Amino acid sequence: MSDQPIPPAPGVNGGAAPATGPVVLNLQFTKDLSFEVPGAPEIYLTLREAPQIDIALDVQARRLQEGQETYEISLNIRADAKTKEGQTAFIAELVYCGIFTLNGVPQQMLEPVLLVECPRLLFPFARNILADVTRDGGFPPVLLAPIDFVQLWQARRGQGADIGAPVANA
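Under the working numbering, the residue at position 19 of the sequence shown is numbered 24, and the numbers go up by one with no gaps.
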């Protein structure tokens with residue numbers, strides 16, 4: 006080990022303040038996590054190949070306090086796995102959230118930032134949690150392919166949703 010002092014962290018004891026950009030991720034957390042194997046233990050004895058997995062993904066955004074530019078972004082992911090015979094192998098549900106502060110984002114850019122850029126930052130962490138929980142549950146890990154959040158946002162807009170609404174789904 007070295008006897009050299011460790012430099013202070015940014016913003017601590019006179020260190021440089023951390024740089025803030027237009028999108029600041031303040032906190033990320035697992036809000037809800039559920040993993041069910043309704044056919045256990047028999048499913049483990051009869052399952053001979055990887056189950057067919059259906060994925061549902063939803064993005065929600067809500068302002069935390071009126072007059073503030075702080076938002077909670079939620080990635081809601083559900084994975085339903087079934088055998089060839091249609092028996093449920095497992096059900097995994099994850100709500101992974103981030104608290105974001107937006108600094109100087111123009112009103113017309115608010116929706117794409119909340120529904121595209123913020124979920125893009127959260128997705129790798131949610132993907133990892135889902136893979137770990139399915140592997141730890143005794144199944145092959147569910148490795149989600151990259152998600153095109155722009156396409157999800159555009160599909161939402163095509164459904165005629167109100168752009169100025171404080172709560173949004175993609």
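All C-beta atoms, glycine included, are put in the ideal place defined by N, C-alpha and C.
Quick caveat, the model's predicted, so the values are computed rather than measured.
- Secondary-structure assignment with DSSP links V64 through a beta bridge to L80.
- Residues of the same chain with a CB within less than 8 Å of the CB of P56, apart from the 5 flanking positions on each side, are A86, K87, T88, A94, F95 and F144 in chain order.
- Within 10 angstroms of the beta-carbon of T35 lie fewer than 16 other beta-carbons, which makes it exposed.
- If you check the CB distance, L99 and I134 come in under 8 Å.
- Straight through space, the alpha carbons of C102 and N31 are spaced by roughly 11 Å.
- In the structure shown, N108 falls within a coil segment according to DSSP collapsed to helix, strand and coil.
- Cβ-Cβ distances below 8 Å link P27 to L107, N108, G109, V110 and V118 in the same chain, with the five nearest sequence neighbours on each side left out; the list follows chain order.
- Apart from the 5 residues on each side of it in sequence, E47 has no Cβ closer than 6 Å to any other Cβ in its chain.
- Less than 8 Å divides the Cβ of F154 from the Cβ of L120.
- Shown here for D37: same chain residues with a beta carbon closer than 8 Å to its own, the five before and five after excluded, namely E98, L99 and V100 in chain order.
- Taken atom to atom, the span from the alpha-carbon of Y49 to that of I58 is near 16 Å.
- In this structure, the straight-line span from the alpha carbon of Q156 to that of D137 is close to 27 Å.
- Looking from the CA of Q73, the closest CA among W158, G44, I104 and Q92 belongs to I104.
- L80 is a Cβ neighbour of V64, given a cutoff of 8 Å.
- The C-alpha of A84 is placed about 33 Å away from the C-alpha of Q113.
- A straight line joining the alpha-carbon of P124 with that of Q159 spans about 14 Å.
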